[in-house]
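The numbering of the sequence shown is my numbering, which starts it at 740 and goes up by one. The beta-carbon is built from N, C-alpha and C at its ideal position, and this holds for glycine as well. Note that the coordinates shown come from a computational prediction; the quantities given were computed from them, not determined experimentally. Written out below as structure tokens is the structure these notes cover.
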Amino acid sequence: MDHENGTIPGGHQDGGALPPQATGRRAISYFGKRGEVVVVLEPEQKQTVPGKDAIPIAQLLRVVRKRLLVIVMVMVLFAGGVVGFDLTRPQVYEASITVLVAQKGPSGDPVDPGGLQGEVLGLQQVTQTVVEAADTRPVAEDAVRRLGLQTDPETLLDNLSATQVHATQFVGVNYRDTDPRRTRQVANAVGDALSERISEDSLSASTVTATVWERAEVPEAPVSPSLGRDVLAALVLGAMLGVALAFLLEHLHRGWHSPAEVEQISGAPNLGSIPKFAVRKGAASKAITGPR
């Protein structure tokens, strides 16, 4: 038998009779993980069955266990980076107010939502209009003037948001700032400015009112950055990238881990393995040249 892919004819070798399916097939040698030589028979040609070559779950788990340290290191690296980034970001607080939108008829009586007159907008439309009015420059200018802030209205509007609370007559106004006390003051000032402007500038023949139903309080905790949420997201992302890196390293690895793996991948029976052994340099030279 030739050591490098020699053809094995039928019959016997020194190690005994070969199996019947080995006749006419070549012997292929591999270098194992520990340097030993593994000799297997060339696999027979087989038809490809869909799903037959799918990676088994056990092999996937083996790769994860083998590269667990790599996965953990990637997760820790991502989590540490996120923690360091969040610690350098300024803390942002949010204060909220709730505004109630209502309508009164010309006589001062409340308008029945089920019997609105033709010139009166529906309450839902009026509420949505108030939402749009809350996030406008006139309201921001009024709030800046009330508090004597050293900021421009555009910056205030960038941190201000208003939304309708579900399908009700309530409007929620939120303001964010790095100073919790200033956050509360600006939110309340915006609510007062909005309430006065809506009452002065009637949207229809009926009187539309916007009353601050719930005033803002000093926020106790920042809303951003959220360290726990960010770390959790970093751990999940790090785990995904770590697993991908583990399989990439496994794919780039050219050695074999065991004779059983050689049989599984090659589809050929294992004839045997030659363990790696060390030979002294002088002894190797003497063995090659022979005795004199």
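Taken atom to atom, the span from the alpha-carbon of A978 to that of F986 is near 12 Å. Between V813 and G930 a beta carbon distance of about 48 Å is seen, past the 8 Å cut, so the two are scored as non-contacting.
One Cα belongs to R828, the other to D916, and the distance between them is close to 13 Å. Secondary structure note for L862: its alpha helix (DSSP H) is the uninterrupted segment 862-873. Out of A960, A797, V809, the CA that lies nearest to the CA of V982 is found in V809.
Taking all protein chains in view, the Cβ of T922 is crowded by 16 or more other Cβ atoms within 10 Å, so the residue is classified as buried. Within the same chain, V809, V813 come within 7 Å of L984 by CB-CB distance, once the 5 residues on both sides are set aside. Linking R806 to E1002 through their CA atoms gives a straight-line distance of about 23 Å. One Cα belongs to L966, the other to T890, and the distance between them is close to 29 Å. Residue burial is scored here from C-beta neighbours: E871 has fewer than 16 other C-beta atoms within 10 angstroms and is therefore classed as exposed. Uninterrupted beta strand (DSSP E) stretches at least 3 residues long and entirely within the region 902-965 occur at 909-916, 946-953, given in chain order. Bridge pairing for E989: absent [DSSP].
Shown here, T894 sits in a helix according to DSSP, grouped into three states.
Around the CB of V975, fewer than 16 other CB atoms lie within 10 Å, so the residue is classed as exposed.
Beta bridge pairing from DSSP links Q842 with V947.
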